[in-house]
Every structure is written in C-alpha cells, then in structure tokens.
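J.: Structure in structure tokens, see below.
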Amino acid sequence: MFVFLVVFSLLFAGRAVCDKFEEDEDEKNVAMNYLKQYHYISRTRSGNHNGAKAIENFQRFFGLPVTGELDEDTLYQMKKPRCGVPDVDVDGTRFKRFATLGKWQETTLKYYLTYGDDMSHSDQARIIARAFKYWSDVAPRLNFAKTDDRSIADFRISFGRRTHAGVTGEGQCALPFDGAGKVLAHAYFPSDGRIHFDDEERYTETGASSGWWLWKKESHGLLPVAVHEIGHALGLKHSNVKGSIMWPTAKKGTPTLHQDDINGIRSLYG
Ligand SMILES: [Ca+2]
Ligand SMILES: [Ca+2]
Ligand SMILES: [Zn+2]
Ligand SMILES: [Zn+2]
C-alpha cells in the first residue's frame, strides 16, 4: 500500500509539473504573439527581435517594474481589453509621451457611420458626435459633421466581426478582429479615415460590469473607445502617460482628456 501511494503520488506530481509546464509554454506563446502584434518584437530586420528586451520595452511603456520576465503584472497587463493599433514604431523602438503620425490638411471633416448591433441608431450617432466633440473642444480649428454620403466622407466608421469589411464598398480590412474581448477597435492614421469597432463586443455608452464569475456581464464603453480611436484617425499614436485617453488599454466611464492628449492634438491642429 505504501509503495502504491508513493508511485501514485510520483505519477501525480509528474503530471502536475507537466501541466504546469504546458500552461507556461502556452502563456509564453500568447505573450510573444502579443509582443509581435504590438511591434515590441519588430517586423523589420533592423528592429528588435530579442524576447527579453521586448518584454522590458513593454514593461517600460506600461510603467511596470522592468524585469524582462513574464511575471504576473506583465501577463495581467497583456490580458486587458485594448485597442488593436501597435504601441511602438515598426522597428520596435519606444516613444515618449504623445506621438503623432500624419495630419489632415483640411480641418473641416465629415464622417460617415454604419451602425453596430448594440444600441439604437440615434444613440450611436449621438455618442459618436459626442466623441468627436472632445477633440474639437480643445482644438477649435477642428470641425466635424456627419454625412449620409459615404463618397465624400473623410472618416468612415463601421462595426464588424472577424475578417470585417469597412463601410460598403471598402472590401476587407487587413487586420481581422478576434471575437469578444482582447482587441476592441482600431483606426488608421491620416488621411485614411477608417475607424473599425469589433461588433462581437457588447457596447454601451460608457461601459459597465455587473454580476461575477459565470454570471458576469460586461460591456465596453463606446464613448471612451471612440474618443481614443478618433484620436488615432486624427494623427495621435499611443501614449505611455497613464490616464491619457491615448493609453492603449480600454477604460470604462465618462472619459476626460489628459493634458498629454490636449498637447498632442494641439501640436497638430492648435
Ligand atoms: Ca475583440
Ligand atoms: Ca456588438
Ligand atoms: Zn489605440
Ligand atoms: Zn479593421
């Protein structure tokens, strides 16, 4: 009996170690894919391809202790729902505070909206108009108006799933969405004008969480996510200033622009 117990517990311990190893490997793969997706591991030959260095750059961007290891804080940060636009330049280098990429020459800009499946069209139109107003309030040269003619629109806003298209006639977007969670939306820098929301997310105006565990019901905030994505469409990149609207992970609640966002938009349209 004793021998049996020893053998049994050895077998059991062996299995547990093995499971733990596989789990760690899975987590490592997920983390490495994340680092590639957001350009911490470079897509160009000259950029960074060192995993530990990519982890360090990620930790620096998000203000975490810089260990170069996939510790708990780092993995936790990587699991948060976020914007699909990369954090760092294509060569894997990091930038400080607000950074910009392109701008519109015109400052009176029109947007065309195709709707998602979560709220009434009038609510969605109101929320998107409210999101644009955040930027024109602090950079008054900017003027935004909704148009029903997509052929004259500067911004084309749409909701889609997986290999989504944009508004009618645009064809497939090069960046597929990933189902509920993870990537919530992405947008293109000027003067492309495309802003895409993942419609497998459930959106409410400012987002909410209720219940817990299996009964947890979560919605993301269309308003804060739209303010962020419009920021990209106007030329702002991600900021590593925590509390800025251009911070990569999603926030719930009524957003407020940070001085960093205001400095960024005024550097382009002030
Ligand atoms: Ca998603
Ligand atoms: Ca939806
Ligand atoms: Zn973003
Ligand atoms: Zn897209």
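With mature numbering (1 follows the signal peptide of the UniProt record, and there is no 0) applied, the sequence shown corresponds to residues -18 to -1, 1 to 252, in that order. Note that CB positions come from ideal geometry on N, CA and C, so glycine has one too.
Using a threshold of 7 Å, is the CB atom of C155 nearer than that to any non-hydrogen atom of ligand 3?
T.: No.
J.: Could you tell me how far apart the beta carbons of F143 and F159 are, in whole angstroms, since I believe they sit closer than 8 Å?
T.: Just to set this straight, residue 143 is Arg in the shown sequence, not Phe. Right, their Cβ atoms sit about 6 Å apart.
J.: Closer than 7 Å to a non-hydrogen atom of ligand 1 - does that hold for the CB of L166?
T.: Correct: L166 has its Cβ closer than 7 Å to ligand 1.
J.: Please identify the residue among F3, R64, R25 whose C-alpha is closest to the C-alpha of G161.
T.: Answer by Cα proximity: R64.
J.: Between the alpha carbons of G98 and V67, how many angstroms are there, rounded?
T.: Between G98 and V67, the C-alpha separation is close to 20 Å.
J.: Go ahead and pull the three-state DSSP assignment for M(-18).
T.: Low confidence applies here, because M(-18) scores a pLDDT of 48, under 50, leaving its location unreliable and the question unanswered by this model.
J.: Report yes if the C-beta distance between G84 and F137 is below 8 Å; otherwise report no.
T.: Not closer than 8 Å, so no.
J.: So who's on the other strand from V165, going by DSSP bridges?
T.: Answer is R64, bridged to V165.
J.: Drop a sphere of 10 angstroms on the beta-carbon of P122, count the other beta-carbons inside from all chains shown, and report buried for 16 or more, exposed for fewer.
T.: Burial call: exposed.
J.: Is the segment 110 to 130 touching the segment 143 to 154, taking contact as three or more C-beta pairs under 8 Å?
T.: Contact fails: fewer than three Cβ-Cβ distances are below 8 Å.
J.: Expressed to the nearest angstrom, what Euclidean distance is found between the alpha-carbon atoms of H240 and F3?
T.: Straight-line Cα distance between these residues: approximately 42 Å.
J.: Does DSSP classify D130 as helix, strand or coil?
T.: Correct three-state label for D130: coil.
J.: Using the beta-carbon count (16 or more within 10 Å), is V70 buried or exposed?
T.: Label assigned to V70: buried.
J.: Per DSSP, which residues does R112 bridge with? Please list them.
T.: Bridge partners of R112: none, in fact.
J.: Going by DSSP, which residues form a beta bridge with I139?
T.: I139 pairs with L95, I177.
J.: Just to check, is the beta-carbon of H210 closer than 7 Å to a non-hydrogen atom of ligand 3?
T.: True, at least one ligand heavy atom lies under 7 Å from that Cβ.
J.: Does the beta-carbon of H146, which I'm using as the reference point, lie nearer than 7 Å to any heavy atom of ligand 4?
T.: Yes, ligand 4 has a heavy atom inside 7 Å of this Cβ.
J.: Note down, in chain order, each residue of its chain lying with its Cβ closer than 7 Å to the Cβ of I247, except the 5 sequence neighbours on either side.
T.: Answer for I247: W117, V120, A121, L216, L218, listed in chain order.
J.: Could you check the C-alpha separation between K234 and W197 for me, to the nearest Å?
T.: Distance between the alpha carbons of K234 and W197 is about 19 Å.
J.: Under a Cβ-count criterion, where at least 16 other Cβ atoms within 10 Å of its own Cβ denotes burial, should W229 be classed as buried or exposed?
T.: Buried, by the Cβ-count rule.
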